[in-house]
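Visitor:
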Amino acid sequence: MIEVEKLGIKLSMDDFGTGYSSLSYLREYDFDVLKIDKSFIQGITISKADCQLVKTIIVMAHSLGMTVVAEGVETQPQLALLAELDCDLVQG
0 MIEVEKLGIK LSMDDFGTGY SSLSYLREYD FDVLKIDKSF IQGITISKAD CQLVKTIIVM
60 AHSLGMTVVA EGVETQPQLA LLAELDCDLV QG
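Quick note, the sequence shown lines up with residues 0 to 91 if you use numbering that gives the first Met the number 0.
1) Could you tell me the distance, in whole angstroms, from the CA atom of T17 to the CA atom of A82?
2) Distance, Cα to Cα, Y28 vs A69?
3) Considering only the beta carbon of each residue, do F30 and V53 sit closer than 7 Å?
4) Which residue or residues does DSSP assign as beta-bridge partners of I35?
5) The alpha helix (DSSP H) with Y24 in it runs from where to where?
6) Give the straight-line distance between the Cα atoms of S21 and L33, rounded to the nearest whole angstrom.
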């Protein structure tokens, strides 16, 4: 992994929160970017639980020095809320 970093290649964890993207990988690898799965983003404006989970993921990722990308952003209210939550980047 050190050789990869020397080449300037960034390591991203995609679809965080689903499938094989788990917290244990955050201990094993030095990710630069964490991409929150769209299944969490879809409900952030209507579900308090989804919103709280996304907020917690963003805070955790930032504390580990990662850039956070929200996947599947489709509405202006989602975009506005993610900005309030200090999400770094969004993806439609």
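Ideal placement from N, C-alpha and C gives every residue a C-beta, glycine not left out.
Guide: In short:
1) As the crow flies, the alpha-carbon of T17 is around 23 Å from that of A82.
2) Their Cα atoms are separated by approximately 20 Å.
3) No, the pair does not count as a contact, with Cβ atoms beyond the cut-off.
4) Bridge partners of I35: F15, A69.
5) Here the alpha helix (DSSP H) through Y24 covers 22–27.
6) Their backbone Cα atoms lie some 11 Å apart in a straight line.
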